[in-house]
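Accompanying notes for the structure given below.
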Amino acid sequence: MNGYATRLKFISKTAVVLFAALMMTSCATTTQVVLLPDKEDKVSVLEVTDTEGKKTQRLDQAWQSVKTSPLTGALGAPKVMDEKEVRAMFQHALAAQPPQPAVYILIFGSGRTSPTEDSLKLIPGILEAIKTRNSKNILVVGHTDTIGPAWYNLNLSLKRAKNVADILIEKGVPSENIEITSYGKEYPLVKRPDGVAEPKNRRVEITVR
3 MNGYATRLKF ISKTAVVLFA ALMMTSCATT TQVVLLPDKE DKVSVLEVTD
53 TEGKKTQRLD QAWQSVKTSP LTGALGAPKV MDEKEVRAMF QHALAAQPPQ
103 PAVYILIFGS GRTSPTEDSL KLIPGILEAI KTRNSKNILV VGHTDTIGPA
153 WYNLNLSLKR AKNVADILIE KGVPSENIEI TSYGKEYPLV KRPDGVAEPK
203 NRRVEITVR
C-alpha cells in the first residue's frame, strides 16, 4: 500500500476555532482521510499529499474525505460523505479519538509584531491548557492582512509567530515542544482585496494538542 502524508494548514473559515479532528484509517490496499468538524461545527482546512509529493488534495468541508486507489495508490478526488456513513464506518476510531486540540487567536496591530494588550490576556489560559494537557505539541502560526507586498507579509507573519513562541518559552514552555510556521496574507479569516486592512487577519493562531 502506498502511504500518505498530511499537512495541516491551521486555517479556519471562522474567526475562532478548535482545530478540526482528523481521522485516518488504513487497510491493506487503501488509505482514507476524513475531515471532522469540532464540537461547535467549525471546520479547519487540511491538505493531503501523496507520499511522492506529486499530488495534493484540499479538504475544507465537514465530513469531506479523500482516499488512495486500491490499485495504484493514487490520491483520488475529495468527496463529502454522509455523517451517518462516517460514524458507522469509523465508530471505533471515533470512540478512540483523543481530546480535540484547543486553538487560541492573538490579534496584532497593523505592522506590529507584538500582540495587542487584550490578546496578551489570553496567555495565562494558553499556559494553563498546555499544563493541563501536558502538551508537547504546540503549533504557532503567523498571519497578516493584505496590506503590503507578499514578501513583507511573509516576513511579518513569521516575526509574529516567533514573538508569540518567545512569550511561551519565557513562561516556561520548552522550545522543543513548539513548532512555528507562517503564511503571510494567505488563508485569511476574513476575505479582503489586496491593500485592504482587516484586524481579524492580523493574527497568530496557537494550537495546543
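Heads up: the sequence shown at position 27 corresponds to 29 in my numbering, and the numbers run straight through without jumps.
Don't be surprised by glycine CBs; every beta carbon is placed ideally from N, CA and C.
Everything numeric in this text was worked out from a predicted model, so none of it was measured.
Taking a 10 Å sphere around the C-beta of Trp153, we find fewer than 16 other C-beta atoms and assign the residue as exposed. Each of Pro126, Leu160, Lys193, Thr148 was checked against the Cα of Gly174, and the nearest Cα belongs to Pro126. In the DSSP assignment, Leu156 is bridged to no other residue. If you keep only unbroken beta strand (DSSP E) runs of at least 3 residues inside the region 102-180, you get 104-109, 140-144. For Leu73, the secondary structure class from DSSP, reduced to helix, strand or coil, is coil.
Looking at Glu130, Lys56, Ser71, Leu38, the one whose alpha-carbon comes closest to that of Gln63 is Leu38.
Distance between Glu178 and Ile169, taken at the CA atoms: about 14 angstroms. In the DSSP assignment, Glu49 falls within the beta strand (DSSP E) that extends over 46-52.
Under the three-state reduction of DSSP, Val88 is assigned to helix. Note that the C-beta distance between Gln34 and Ser67 is below 8 angstroms.
Here Ile128 is buried, its C-beta having at least 16 other C-beta atoms within 10 Å. Taking a cut-off of 8 angstroms on C-beta distances, the region 143-158 touches the region 185-198, as three or more cross pairs fall below it. Your pair Phe110 and Pro117 checks out as a contact, with CB atoms roughly 6 angstroms apart and the cut at 8 angstroms. Secondary structure at Leu38: coil, using DSSP grouped into helix, strand and coil. Listed in chain order, the non-local C-beta contacts of Ala131 below 6 angstroms within the same chain comprise Ala104, Val210, local neighbours out to five positions each way being set aside. Judged by DSSP in its simplified three-state form, Lys193 adopts coil rather than helix or strand. Put simply, of Gly75, Met83, Val45, Ala90 the residue whose alpha carbon is nearest the alpha carbon of Thr53 is Gly75. At a Cβ-Cβ threshold of 8 angstroms, Lys69 and Gly55 do not count as neighbours. When secondary structure is reduced to three states using DSSP, Lys81 falls in the strand class. The beta carbon of Lys81 is closer than 8 angstroms to those of Gln66, Ser67, Val68 in its chain, skipping five residues each way along the sequence.
No Cβ-Cβ contact shorter than 8 angstroms links Ile140 with Ser112.
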